[in-house]
Ligand code: SF4
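Residue numbers (the numbering used here): 7 to 431.
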């Protein structure tokens, strides 16, 4: 039995793009039963918290939100899903006050479970409702899970091993997104390099997607170094509609630290992959993730990371001080680094990253750039993202430009933002 009255629901998503993709799927499924997504948790009859357990802090945030929602009058029906359901103890989950806990095995059936659990729940007809805006760059989840078992990461324990969607399913969903107006699709997964459907791997999937009629852009999320990054660079060189953005999480530029992290490449191999990609794809936006202060990281190890970052033209640096995650081998390693030093090293690398990003943005002054317009700001400029993943502020456009691919030539840069006037079509 399903809920007789269509309910209002709100989904709070923590963590990665994969979680966002799953939340989008929950939204689509519940909306297909006539339920209404709303933009604020206090307006909802049902709140789904799709949680992340990548750090202890992320876990705490999700559980804290659960407890806060139980204090609303009247409290919504609270659904807790995501990695916290695998990482936190049963006591903690129960104490959170969630009305329904959906674990990993049941996640594909989340919408059905929620509908069933809320079958007799009356809509509270809460007043002023702000409809949730649709996503302008929809996410296409092509796989879940990872079996790389990096020593600091809880994900293989919370999400399990890799499972890929059949290629035909991915293409069918992408076609539906395009038919519904999507111009850009973002391919995401837990470890997309593990994608495999028979003899189809990630590069074959990407090639099939870019050949779908009506697609203006395809963007890829993070790809593990030492896997298929060269094939992806080759595809970018061949297909201009693949966004000029490559995110390879380095984590450390020091080989001793990489070994201790359980990563599968050396700093030299990483450098060679990046050099190869830059040679194939001009104006490539290069992103990476770095963990500072991993157990045992000495000043010399940190200096190696700093050097590699300085040498390579990164435009998007995500730097995080190491955070112990209970249940991972790294949490019990000797030589834990003092939290202050972890933060200090992160701050140093973040500052380097900001300068590099600004310089990368400046390199586009005077060059033609394209962007898909997502919205208009109150100052009348149109907003979007460049192929290389820089924010764009474009003047001289009308509202009809929303969701169209437009060209402009940046004449100025503010921090990392490209600013210019639309080119006449
Ligand atoms: S590749 Fe490593 S860091 Fe990434 S999800 Fe798998 S185990 Fe975690």
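Think of the CB as a built atom: it goes at the ideal place given N, C-alpha and C, for glycine as much as any other residue. Keep in mind it's a predicted model, so treat the numbers as computed, not measured.
Supposed contact pair residue j and residue i - C-beta distance, whole angstroms, cut 8 Å
i	j	result
residue 260	residue 311	6 Å
residue 411	residue 378	5 Å
residue 157	residue 88	Not quite, the Cβ-Cβ distance comes to about 22 Å (not below 8 Å), so this is no contact.
residue 480	residue 201	Because the chain here runs from 7 to 431, residue 480 falls outside it and cannot be looked at.
residue 65	residue 94	6 Å
residue 117	residue 49	Between residue 49 and residue 117 the Cβ distance is about 20 Å, and since that is not below 8 Å, they are no contact.
residue 257	residue 297	5 Å
residue 363	residue 295	Residue 363 to residue 295, Cβ: 15 Å. No contact.
residue 237	residue 209	4 Å
residue 357	residue 300	That belief does not hold up - the Cβ atoms of residue 357 and residue 300 are roughly 20 Å apart, past 8 Å.
residue 395	residue 159	Not confirmed; about 24 Å, so no contact.
residue 183	residue 214	Incorrect: roughly 14 Å between the Cβ atoms, too far for contact.
Residue i, buried or exposed, once every other Cβ within 10 Å from all chains shown has been counted against 16
i	result
residue 19	buried
residue 304	exposed
residue 417	exposed
residue 368	exposed
residue 265	exposed
residue 197	buried
residue 404	exposed
residue 426	buried
residue 126	exposed
residue 212	buried
residue 78	exposed
residue 122	exposed
residue 32	buried
residue 51	buried
residue 133	For residue 133, the pLDDT reaches just 43, beneath the cut-off of 50, and the residue's location in the model is therefore unreliable, leaving the point undetermined.
residue 28	buried
residue 393	buried
residue 38	exposed
residue 334	buried
residue 204	exposed
residue 187	exposed
residue 199	buried
residue 171	buried
residue 114	exposed
Contacting residues, own chain, Cβ-Cβ under 8 Å from residue i (five flanking each side not counted)
i	result
residue 468	This structure leaves residue 468 out entirely; the chain is present only between 7 and 431.
residue 262	302 and 307
residue 429	374, 412, 413, 414 and 415
residue 272	261 and 264
residue 222	189, 190, 247, 378 and 411
residue 72	55, 84, 86, 102, 103 and 104
residue 181	218
Same chain, Cβ closer than 7 Å to residue i, neighbours up to 5 away in sequence not counted
i	result
residue 4	The question about residue 4 has no answer here: the residues shown for the chain are numbered 7 through 431.
residue 359	320, 323 and 325
residue 349	327
residue 81	75
Helix, strand or coil at residue i according to DSSP, with G and I counted as helix
i	result
residue 124	coil
residue 232	coil
residue 322	strand
residue 258	coil
residue 55	strand
residue 133	Residue placement at residue 133 is poorly supported in this model, since its pLDDT is 43, which falls under 50; the coordinates are not used for a value here.
residue 15	strand
residue 240	helix
residue 274	helix
residue 209	helix
residue 390	strand
residue 91	helix
residue 295	strand
residue 191	strand
residue 301	coil
residue 216	helix
residue 349	helix
residue 377	strand
residue 429	coil
residue 398	strand
Own chain partners of residue i with C-beta closer than 6 Å, once the 5 adjacent residues on each side are dropped
i	result
residue 280	318
residue 109	91
residue 41	12, 13 and 15
residue 408	379
residue 270	232
residue 314	259 and 273
residue 161	152
residue 371	416
residue 385	none
residue 69	102
Residue-level contact to chain B via CB, residue i, 8 Å cutoff
i	result
residue 297	Protein chains in the displayed structure number just one, and chain B is not present.
Stretch pair the region 219-227 + the region 183-200: three plus CB contacts closer than 8 Å: Yes, the region 219-227 is in contact with the region 183-200.
query = Taking three-plus beta-carbon pairs below 8 Å as touching, is the region 343-351 in contact with the region 325-335?
reply = Note that the region 343-351 touches the region 325-335; at least 3 beta-carbon pairs, one per stretch, sit closer than 8 Å.
Exercise for the section: Specify whether the region 244-256 and the region 290-301 touch according to this definition: at least 3 beta carbon pairs, one from each stretch, less than 8 Å apart. Expected result: Verdict: yes, contact present.
*Three or more C-beta pairs below 8 Å linking the region 19-33 and the region 57-64*: Under the three-pair Cβ rule at 8 Å, the region 19-33 counts as touching the region 57-64.
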